[in-house]
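Heads up, the sequence shown is in the working numbering, so the first residue is 333 and it goes up one at a time.
Only one structure is covered here, and it is reproduced in the block below.
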Amino acid sequence: MSIESLKALFRPELDELSAYRVPPAPPAVKLDANESPFALPPEARARIAAVLHATEMHRYPDGRASELREALARGLGGSPDEYVLGAGSDELIASLATAMSQPRPGAERPVVVFPDPTFVMYRITSRAHGWEPLGVPLDGAWDLDADAMADALGRTKPNLVYYASPNNPTGNCFSRDKIESLVDAFPGTLHVIDEAYGPYSGQSFATFAEDRPHCALMGTLSKVGFAGIRVGWVRIHEALSAELEKVRQPFNLNTASQAIATLALTDLAPLLEEGITTVVAERERLATELDRYEALQCFPSDANFLLVQYTGAVPELCRALLDRGIAVRQFSTGDSRLRSCIRITIGTPEENQRFGEALSDILG
Ligand SMILES: Cc1ncc(COP(=O)(O)O)c(C=O)c1O
Numbered sequence: 333m334s335i336e337s338l339k340a341l342f343r344p345e346l347d348e349l350s351a352y353r354v355p356p357a358p359p360a361v362k363l364d365a366n367e368s369p370f371a372l373p374p375e376a377r378a379r380i381a382a383v384l385h386a387t388e389m390h391r392y393p394d395g396r397a398s399e400l401r402e403a404l405a406r407g408l409g410g411s412p413d414e415y416v417l418g419a420g421s422d423e424l425i426a427s428l429a430t431a432m433s434q435p436r437p438g439a440e441r442p443v444v445v446f447p448d449p450t451f452v453m454y455r456i457t458s459r460a461h462g463w464e465p466l467g468v469p470l471d472g473a474w475d476l477d478a479d480a481m482a483d484a485l486g487r488t489k490p491n492l493v494y495y496a497s498p499n500n501p502t503g504n505c506f507s508r509d510k511i512e513s514l515v516d517a518f519p520g521t522l523h524v525i526d527e528a529y530g531p532y533s534g535q536s537f538a539t540f541a542e543d544r545p546h547c548a549l550m551g552t553l554s555k556v557g558f559a560g561i562r563v564g565w566v567r568i569h570e571a572l573s574a575e576l577e578k579v580r581q582p583f584n585l586n587t588a589s590q591a592i593a594t595l596a597l598t599d600l601a602p603l604l605e606e607g608i609t610t611v612v613a614e615r616e617r618l619a620t621e622l623d624r625y626e627a628l629q630c631f632p633s634d635a636n637f638l639l640v641q642y643t644g645a646v647p648e649l650c651r652a653l654l655d656r657g658i659a660v661r662q663f664s665t666g667d668s669r670l671r672s673c674i675r676i677t678i679g680t681p682e683e684n685q686r687f688g689e690a691l692s693d694i695l696g
C-alpha cells in the first residue's frame, strides 16, 4: 500500500489545517505566549518537591482527580462533579467536539459559532472533528456584534458557542449584557464562556452560569503561572459533565500535574494572586508608555497582554525586536485588522523595561 493511499484515509478537513508550531529556541524575553512571566520562588519549588516526593509514581494517577476537583469546587464554587478536567483547556475543546457532535435537527453537521478574531483552537479543533465553524466578526471596538451573533445563532442553530472573555488576541472583556442576553435567548445551544484570562479582569460569570444549565465556564492554570503542567477545566451542569466524562481518557491528568495544580489552588494561591496584581499594574504602566508613540495605538486590555496597532510594517518591527532578544506575537493570517497589530504579553517589570528600551531604540 502506498503512502498516498494511507494519506487518503485521513479526514479531508485536515487539508485546510496546519499543525500548531512554536519557535524552537526561546528568546531571552518571551512576550509571545500569554504565560505568566514569574518563575516560582525557591520556597514554592520546595513545597512542590515535597509533595511530588510523596506521590506514588509507579501507580496510575487518580483517574477522577478527586482532590483537585474538590480544590476547584472550594475555590471557584459549585460541586466537584460539575468539573471536567483536561490537559489544558485545549483538551476540553476537543472533548466537547467529540461528545457533542450530534447535529441539531435540520442541520447536516454540528455547528460551532464564535466571535472573530478569537482563540484559534475553537476553529481548528472543531474543524478537525468535522464540525462547521462559523466566525462572526467583532465590531469596531472588538466587542460582540450582538445582532450578528443573534442572527448566526438563530440561523445556524449551533451546538456550541464560545465566548473568550477576556478575548484572545484582542484583550478586552465582551459586554457582559450582550453575552447574558445571547445565553438567555438561545437555550438550545451550549454557551461556553472561556475565562482563561478571567483572573486578570476581576470578572467572572460564575454566578450567572449557576442556574443556567446551558451555560458552561472554562478555566485554566496556564495563564497564571502553571502553563507547564497542562491543567484546565470546564464547569458544566452535572448531567452534561457525566456525558463529557465518557469521552475523557481515563488518566488524562498525570499524578504530578494533579498534585501541583491542587497546591496551586490552595497553599500557593496567595503567590499566584501576587503575580496577577503585579501583571495588572505593569499592564497599565506599559499601556501608558506605548500610547506616547504616535505610530502605536494600544487597545484597552483586561488580560495579561496588550494588543497594539502599528502604523508601520509589523514584520520589520517584530524582526527588530527579535534582534534585540524580544519575542512578541504577530498575525500573518486571519482578520485583516489584526495584521497591523502586535500582541505583547506582559512580562516581569525588568522584561517590560527592556521591551520599552528596545522599542524606543527602534521607533525613536
Ligand atoms: C482564550 C484561551 N482559551 C484557552 C487557551 C488554552 O489554554 P490551555 O493552556 O489551558 O490549553 C488559551 C491559550 O492561549 C486561550 O487564549
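Heads up, the beta-carbon is just placed ideally off N, CA and C, and yes, glycines get one too.
For residue i, which of the options has the nearest alpha-carbon?
i, options, result
"Leu424", "Thr598, Glu542 and Tyr454", "Tyr454"
"Glu512", "Glu542, Tyr532 and Gly534", "Glu542"
"Leu576", "Arg508, Arg686, Pro435 and Glu414", "Glu414"
"Ala613", "Ala627, Phe637 and Arg624", "Phe637"
"Ala431", "Val452, Ser458 and Met550", "Ser458"
"Arg701", "Gly520, Asn491, Leu492 and Gly530", "Past the edges of the chain, shown from 333 to 696, lies residue 701, and the structure says nothing about it."
"Pro358", "Glu367, Ser350 and Ala351", "Glu367"
"Ser633", "Gln641, Ala619 and Ala591", "Ala619"
"His569", "Gly420, Ala591, Phe540 and Pro373", "Phe540"
"Leu408", "Arg567, Asp422 and Pro435", "Arg567"
"Pro435", "Leu404, Gly520 and Trp474", "Gly520"
"Gly696", "Gln685, Ser427, Pro602 and Glu626", "Glu626"
"Trp565", "Ala571, His546, His390 and Gln590", "Gln590"
"Glu440", "Ala538, Trp463 and Leu628", "Trp463"
"Leu372", "Ile592, Pro393, Ile456 and Ser573", "Ile592"
"Pro681", "Arg669, Ser692 and Glu616", "Glu616"
"Ser692", "Ile676, Asn586, Thr665 and Leu653", "Leu653"
"Ala405", "Arg656, Gly551, Val443 and Leu384", "Gly551"
"Phe518", "Ile456, Leu338 and Asp483", "Asp483"
"Tyr352", "Phe451, His546 and Gly557", "Phe451"
"His390", "Thr643, Asn684, Ala635 and Asn586", "Asn586"
"Cys505", "Ala419, Phe537 and Met481", "Phe537"
Could you pull the start and end residues of the beta strand (DSSP E) that residue i belongs to?
i, result
"Pro465", "Glu464 to Pro469"
"Pro447", "Val443 to Asp448"
"Thr552", "Cys547 to Thr552"
"Cys630", "Leu628 to Cys630"
"Tyr415", "Tyr415 to Gly418"
"Gly564", "Gly564 to Arg567"
In the DSSP assignment, what residue or residues form a beta bridge with residue i?
i, result
"Phe637", "Thr677"
"Asp526", "Ala496 and Met550"
"Ala659", "Lys362"
"Tyr642", "Leu628"
Could you spell out the range, first to last residue, of the alpha helix (DSSP H) harbouring residue i?
i, result
"Leu514", "Arg508 to Ala517"
"Val354", "Unbroken run through Val354: none, as it is neither H nor E."
"Met718", "Only positions 333 to 696 of the chain appear in the structure, and residue 718 is not among them; the question remains open."
"Lys578", "Glu570 to Val579"
"Leu622", "Ala601 to Asp623"
"Pro501", "Run containing Pro501: none; DSSP gives neither H nor E here."
"Ile380", "Pro374 to His385"
"Asp479", "Ala478 to Thr488"
"Asp422", "Ser421 to Ala431"
"Leu346", "Unbroken run through Leu346: none, as it is neither H nor E."
"Arg396", "Element bounds for Arg396: n/a, residue is neither H nor E."
"Ile592", "Thr587 to Leu597"
"Ile335", "Ile335 to Lys339"
"Glu542", "Ala538 to Glu542"
Is the separation between the beta-carbon of residue i and that of residue j shorter than 8 Å?
i, j, result
"Ala659", "Asp364", "yes"
"Glu345", "Ala528", "no"
"Thr488", "Leu522", "no"
"Asp448", "Leu476", "no"
"Gly679", "Pro369", "yes"
"Leu649", "Thr502", "no"
"Phe663", "Arg671", "yes"
"Val493", "Val445", "yes"
"Gly395", "Pro582", "yes"
"Asp667", "Arg379", "no"
"Arg580", "Ser427", "yes"
"Tyr495", "Val611", "no"
"Ile674", "Val646", "yes"
"Thr387", "Ala601", "no"
"Asn499", "Trp474", "yes"
"Val361", "Phe687", "yes"
"Gly403", "Leu417", "Position check: residue 403 holds Ala in this sequence, whereas Gly was assumed. No, the pair does not count as a contact, with Cβ atoms beyond the cut-off."
"Leu595", "Val383", "yes"
Anything with a beta carbon under 5 Å from a heavy atom of ligand 1 counts; list them all in chain order.
Gly420, Ser421, Asp422, Phe451, Ala496, Asn500, Asp526, Ala528, Thr552, Ser554 and Gly564
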